[in-house]
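So the structure is just underneath, and the comments pick up after that.
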Amino acid sequence: MSVLISGLFVGARKRFVLTRRRLNATLKRLAAGVTALSGVAVALVALLKDKTNGPMMWALIAVIVLVMVSLVVMAAPAPGRTAEGAATTATPPNNLPFRSRYFVGRETEMARIEQTLRPGKGPRGRRVGVLHGTGGIGKSQLATAYAHEKLEEHTLTRWLNATSADRLLCDLLELAALIGIAYHESKTVVLSRLWSWLRDHPDWLLIYDNVQLEEVEGHGERPIDRHLQLQPLLPPEGAGEVLITTQLREGWTGLCPEPIELTVYDEADGMAFLRLRTGSHADERLARLGRLLGWQPLALEQAGAYIEQAEIHVESEDFEDYLHRLSEQTADSDAKTFELAIERIGVQQPAAEDLLRLCSFLASEDVPRTMLFRYRSVLPDRLRLVMEDQLAFTRLVLKLVHHSLMTRQGDGRTEPVTYGIHPRVQIFIRSRLTGHERLEWSQAAVRLIEAAFPLVPEQLDSRVACERLMPHVDAVTAEPAWADDSDGDLGAARDPEGLVRLLHRAGSYQSHRCDWKSALAFFSREVELRRLGTGSDHSLATAHLAIARQHYYLAHLDAAEAACGRALALCDSHKDDDAFQQVRAQCCRQFGGILRERNRFREASGYLETALRIYEHQGSGWEVVDWAVTEQEAGMIHRNAGRLSEALDCYRRAGELVRSGGSTGLEEHVVFHAMLHRDAGIVAQDRGDLDTAERELTAAHTVFRSKRGEEDFETAQVAKFLADVLRRKGQQCRAASRHARGPLRKRRLRAQSQAQLTAAHALLGPVVTLLGERRATEAHTYAACLNKLGSLQWAQGHTTKAIGTLREAEEIYVTAYGPDHHYRAKTLSRLGPVLRAAGHRDRAEQALRTAERIFVVSLGEDHPSLVAVYAFLADCAADPADAAELRARADRIHRSLWDNSSPS
Numbered sequence: 013m014s015v016l017i018s019g020l021f022v023g024a025r026k027r028f029v030l031t032r033r034r035l036n037a038t039l040k041r042l043a044a045g046v047t048a049l050s051g052v053a054v055a056l057v058a059l060l061k062d063k064t065n066g067p068m069m070w071a072l073i074a075v076i077v078l079v080m081v082s083l084v085v086m087a088a089p090a091p092g093r094t095a096e097g098a099a100t101t102a103t104p105p106n107n108l109p110f111r112s113r114y115f116v117g118r119e120t121e122m123a124r125i126e127q128t129l130r131p132g133k134g135p136r137g138r139r140v141g142v143l144h145g146t147g148g149i150g151k152s153q154l155a156t157a158y159a160h161e162k163l164e165e166h167t168l169t170r171w172l173n174a175t176s177a178d179r180l181l182c183d184l185l186e187l188a189a190l191i192g193i194a195y196h197e198s199k200t201v202v203l204s205r206l207w208s209w210l211r212d213h214p215d216w217l218l219i220y221d222n223v224q225l226e227e228v229e230g231h232g233e234r235p236i237d238r239h240l241q242l243q244p245l246l247p248p249e250g251a252g253e254v255l256i257t258t259q260l261r262e263g264w265t266g267l268c269p270e271p272i273e274l275t276v277y278d279e280a281d282g283m284a285f286l287r288l289r290t291g292s293h294a295d296e297r298l299a300r301l302g303r304l305l306g307w308q309p310l311a312l313e314q315a316g317a318y319i320e321q322a323e324i325h326v327e328s329e330d331f332e333d334y335l336h337r338l339s340e341q342t343a344d345s346d347a348k349t350f351e352l353a354i355e356r357i358g359v360q361q362p363a364a365e366d367l368l369r370l371c372s373f374l375a376s377e378d379v380p381r382t383m384l385f386r387y388r389s390v391l392p393d394r395l396r397l398v399m400e401d402q403l404a405f406t407r408l409v410l411k412l413v414h415h416s417l418m419t420r421q422g423d424g425r426t427e428p429v430t431y432g433i434h435p436r437v438q439i440f441i442r443s444r445l446t447g448h449e450r451l452e453w454s455q456a457a458v459r460l461i462e463a464a465f466p467l468v469p470e471q472l473d474s475r476v477a478c479e480r481l482m483p484h485v486d487a488v489t490a491e492p493a494w495a496d497d498s499d500g501d502l503g504a505a506r507d508p509e510g511l512v513r514l515l516h517r518a519g520s521y522q523s524h525r526c527d528w529k530s531a532l533a534f535f536s537r538e539v540e541l542r543r544l545g546t547g548s549d550h551s552l553a554t555a556h557l558a559i560a561r562q563h564y565y566l567a568h569l570d571a572a573e574a575a576c577g578r579a580l581a582l583c584d585s586h587k588d589d590d591a592f593q594q595v596r597a598q599c600c601r602q603f604g605g606i607l608r609e610r611n612r613f614r615e616a617s618g619y620l621e622t623a624l625r626i627y628e629h630q631g632s633g634w635e636v637v638d639w640a641v642t643e644q645e646a647g648m649i650h651r652n653a654g655r656l657s658e659a660l661d662c663y664r665r666a667g668e669l670v671r672s673g674g675s676t677g678l679e680e681h682v683v684f685h686a687m688l689h690r691d692a693g694i695v696a697q698d699r700g701d702l703d704t705a706e707r708e709l710t711a712a713h714t715v716f717r718s719k720r721g722e723e724d725f726e727t728a729q730v731a732k733f734l735a736d737v738l739r740r741k742g743q744q745c746r747a748a749s750r751h752a753r754g755p756l757r758k759r760r761l762r763a764q765s766q767a768q769l770t771a772a773h774a775l776l777g778p779v780v781t782l783l784g785e786r787r788a789t790e791a792h793t794y795a796a797c798l799n800k801l802g803s804l805q806w807a808q809g810h811t812t813k814a815i816g817t818l819r820e821a822e823e824i825y826v827t828a829y830g831p832d833h834h835y836r837a838k839t840l841s842r843l844g845p846v847l848r849a850a851g852h853r854d855r856a857e858q859a860l861r862t863a864e865r866i867f868v869v870s871l872g873e874d875h876p877s878l879v880a881v882y883a884f885l886a887d888c889a890a891d892p893a894d895a896a897e898l899r900a901r902a903d904r905i906h907r908s909l910w911d912n913s914s915p916s
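Just remember that this note's numbering sits 12 ahead of the position in the sequence shown, which is counted from 1.
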């Protein structure tokens, strides 16, 4: 009764605090309105008092008062409107887990959380608290209790799953949608708008639950800074609170000077919990139970649930028998309680233990109920038969929930139902499986996720489903059991290729996201399993080819060539099998790309011609986009070799093979035509036709932003080239302004130059950030971005920064490709004029001469890249005759790029 009265009092006090806040806000608004309008009223009375008297005077005053009150009320912000007046939805309800009715104690930790997040002094702003400790210690329970206790004092409370960066991003984007932020193809833009909303709406609480971050490679002796890892997904400002729960102990001081460590219960809190959980005050017996379990919160909760479900009285002999059975267990304290609870459930409902076995191989959270029912046909018979009756399955789940072995979120009406199982429970369940059982349930989990994973993960509309399922993919592929099973009872024999198919689809999804390192890991595991005899040679060749592509994207050219060679050898061993011809064509295309990067253009063209002959022979029997992409790749070889007209011919033929249908055509066709616009823009840039280059690249960038999003790698690549074109146009306008005669024209040209450089900076900034995050595995793509950044910094007048940026790019290229690769020469051709602008004429000439030598040896004497080199060398030449000769070379090469056409 005292607990009930206390709860009612606390609730009444919170409602009073909230009502008082609203009343104060209303009074302030009224006072402001009255103050603003009183002056107007006094002035009107002064003007009219000489002409009005008696009753008319009082009527006039009454009218003025009514008008004042009406205006004040009308000035109040309407509910559901933002400060800018844009309509939004109401603030979303909290999605907190249910607060355990058995939560007690932790007053010291609760006080530290409140002191960290709600200090009495200091400026208001974003406050971050970090709650860390081992698994099962009660971090999430404490965070839930704090959130519920302060619920009425926060305008927004949101629980976010932070088990991975991708999952946390999904939850943040979902929050943005719920509060009415308009959809945008760029996730960065949506997050920026969410941060702005939080800045403008104070008193919010975000709980980042179970933060798990990737280990930082190569940090050496430097301390780990979790702030840098989590920063992109944290609100940067705003009067609100962020509470983080994590098992990670170190690296939080950048976010929270004094992280809070949670340990086991002290004896007082442990006893209070056991009294409440068991309803008993037999303190001596309860203390024996607590000491036996080491006061570990998860173990105590498991024990309390068991005692309740088994209807054991603490004062009875059954309790003594329970203590005796616990003392016989040699495992950890929580494992002791797991063992007895699972034994009891297994006797009552064997299928409940089967569900635990299945979930032990999945991710620990967010197991969708809909997925289990939709694909129950792939599950073992005993569990599948129970799931035929939804009511029986619900009772089974509730039995596990009541024993604290499983959690259930969502009500099935306003939000979907998902299940979870504590990681320590998962580990315990797997540890007690026999080899036979491990194989059965591991493969059941694989089949379930493989059935749910989209068949074509490359499609853009499959991305959300893939993102949600990737934690489960990682879980089921982490420790899969695999063996040959001839009797068909286990499930491996039901569908022996289930795991390799899942690995291939997961790899394809990661490759489409341009996460080539992760994709390579999935495809490599697929090859390992296929070498054991799973699947056909055709599937093995496809897997080898996929590995070759990832190595190629990561600039591992030797590994790419070796893997592609293995795939091609398998195709050659089946020359008479038409099924291998498509893989053979793709292998030839991949070899062409590898040889193109090695500057072996003639051999690369030979492989592409072989691929084209295969496609021409098959005609319309295959997907026409593959044929068109082959033409496009042939054009890229011509472009790198300096044969720009031949490159444009290839792009034209590719476009004729695939009709775009405008913006309403097939999505992949529209994107492919955007790629052709990109390639045509790059050719125009090589020719110096910057207007055409800007037009083509802008068209490509518009499509990529719409179809792929701003964070997409290909979108970033187009933005990078477009920014470079705008930078060059800005520099041209600035140079023209120096020679302009009229002051108005000079001013107009300078304004155009500044606008183009500003636009270039806006485009390139996000690209630098995106590719910088991928530098550890894709340094070569980051170096290409640094080239553009260095030139832009020079154009903006930051010469010293530009030199450092370009030197960094040069170092990356030398490490990845060697000192004589033409990528290094491209960096040196950009570095030369920057050094000259800094007053280092000799060093500038040396860099440009090195670039000239590399270009001539690797690409030939008439390559387009030499145009800029000779033009800049002419600026460095002291002898006018030498300068004229160098400019003549540049002009000759430039004119040759147009063949019979005239340069614009």
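Every residue gets a Cβ at the ideal spot worked out from N, C-alpha and C, and that includes glycine.
May I ask which residues mark the beginning and end of the beta strand (DSSP E) holding D549?
Where D549 is concerned, there is no enclosing beta strand (DSSP E), although the alpha helix (DSSP H) it sits in stretches over D549 to Y565.
Just how far apart, CA to CA, sit G830 and L678?
Computed Cα separation, rounded: 42 Å.
Whose C-alpha, out of L898, V539 and C600, is nearest the C-alpha of E615?
That would be C600, whose Cα lies nearest to the Cα of E615.
Under 8 Å Cβ to Cβ from V869, same chain only, skipping five residues before and after it: list those, please.
Same-chain partners within the cutoff: D832.
Could you check the C-alpha separation between H875 and I905 for me, to the nearest Å?
If I take the Cα positions, the gap works out to 7 Å.
Suppose the cutoff is 6 Å on Cβ atoms and the five residues either side in sequence are ignored; what does the same chain contact list for L374 look like?
Around L374: A457, H484 and A487.
Backbone CA spacing between T811 and L843 [nearest angstrom]:
Taking the straight line from one Cα to the other gives about 10 Å.
Within this structure, are the beta carbons of I354 and E340 separated by less than 8 Å?
Against a cut-off of 8 Å, the Cβ pair of E340 and I354 comes out as no contact.
What are the uninterrupted segments assigned as alpha helix (DSSP H) that are 4 or more residues long and contained completely in the region 706-778, given in chain order?
List check, alpha helix (DSSP H) in window: 725-751.
Alpha-carbon spacing of R760 relative to S908, whole angstroms
S908 has its alpha-carbon roughly 34 Å from the corresponding atom of R760.
Alpha carbon to alpha carbon, how far is F592 from C583? Give it in angstroms, no decimals.
One C-alpha to the other measures close to 6 Å.
Taking DSSP as the reference, what is the three-state secondary structure of R420?
DSSP places R420 in strand when its eight states are reduced to three.
Helix, strand or coil for I219 per DSSP?
Looking at I219 - three-state DSSP - the assignment turns out to be strand.
So G147 and R436 are in contact, right, with Cβ under 8 Å, and what is the actual spacing, rounded?
At roughly 5 Å, the Cβ-Cβ gap stays under 8 Å, so G147 and R436 are in contact.
Given A788 as reference, the closest of T489, Q805, E449 and A828 once Cα atoms are compared:
It is A828.
Tell me the rounded alpha-carbon separation between T156 and N107.
Whole-angstrom Cα-Cα distance: 10 Å.
Neighbour-count burial assignment, G141, 16 or more Cβ in a 10 Å radius
Around the C-beta of G141, 16 or more other C-beta atoms lie within 10 Å, and the residue is accordingly described as buried.
Let me confirm a value: L224 is counted as buried when at least 16 other C-beta atoms fall within 10 Å, else exposed. Which label applies?
Inspection of the sequence shows that residue 224 is occupied by Gln rather than by Leu. Classification of Q224: exposed, given that the 10 Å Cβ count is below 16.
Specify, as a first and last residue, the run of the beta strand (DSSP E) that E253 falls within.
Note, E253: beta strand (DSSP E), G252 to T258.
From Y158 to E279, what does the alpha carbon distance come to, in whole angstroms?
If you draw a straight line from the Cα of Y158 to the Cα of E279, it comes to about 22 Å.
Are the beta-carbon atoms belonging to L934 and L143 less than 8 Å from one another?
With the chain running from 13 to 916 in the structure shown, residue 934 is simply not present.
Taking only three categories from DSSP, how would you classify N173?
In the structure shown, N173 sits in a strand (DSSP, three-state: E or B).
Buried or exposed: which applies to D295, given that a residue is buried once 16 or more other Cβ atoms fall within 10 Å of its Cβ?
Exposed, since its Cβ has fewer than 16 Cβ neighbours within 10 Å.
At the level of alpha carbons, what is the spacing between A731 and V641?
Pairing A731 with V641, the inter-Cα distance amounts to about 21 Å.
By DSSP, does L143 sit in helix, in strand, or in coil?
In this structure, L143 counts as strand in the three-state DSSP scheme.
Express the C-alpha separation of L298 and Y277 in angstroms, rounding to a whole number.
Inter-residue distance for Y277 and L298 is about 14 Å (C-alpha atoms, whole angstroms).
Please state the DSSP three-state secondary structure of G545.
In the three-state DSSP reduction, G545 falls in the coil class, being neither helix nor strand.
So, are the CB atoms of L917 and L391 less than 8 Å apart?
Lying outside 13 to 916, the shown extent of the chain, residue 917 is not represented and no answer is given.
With a cut-off of 8 Å, do at least 3 Cβ pairs link the region 889-902 to the region 834-849?
Inter-segment contact for the region 889-902 and the region 834-849 is absent: fewer than three beta-carbon pairs are separated by less than 8 Å.
Length-filtered (3 minimum) beta strand (DSSP E) runs lying within the region 359-437
Runs of the beta strand (DSSP E) inside the region 359-437: 419-421 and 430-432.
Rank D221, L154 and H293 by C-alpha distance to the C-alpha of L181 and give the top, closest one.
The candidate whose alpha carbon is nearest that of L181 is D221.
In three-state terms, what does DSSP make of D496?
In this predicted model, D496 has a pLDDT of only 49, less than 50, meaning its place in the structure is not dependable enough to derive any value.
Express the C-alpha separation of H681 and L352 in angstroms, rounding to a whole number.
Whole-angstrom Cα-Cα distance: 60 Å.
Would R596 pass as a contact of L607 if the rule is Cβ separation under 8 Å?
For the pair R596 and L607, the CB atoms are not nearer than the 8 Å cut-off.
Contact between the region 444-454 and the region 418-432 (3+ Cβ pairs under 8 Å)
Under the Cβ criterion (8 Å, minimum of three pairs), the region 444-454 does not count as touching the region 418-432.
Please state whether the Cβ-Cβ distance between A859 and L840 is less than 8 Å.
Yes; because the gap between Cβ atoms is below 8 Å, this pair is in contact.
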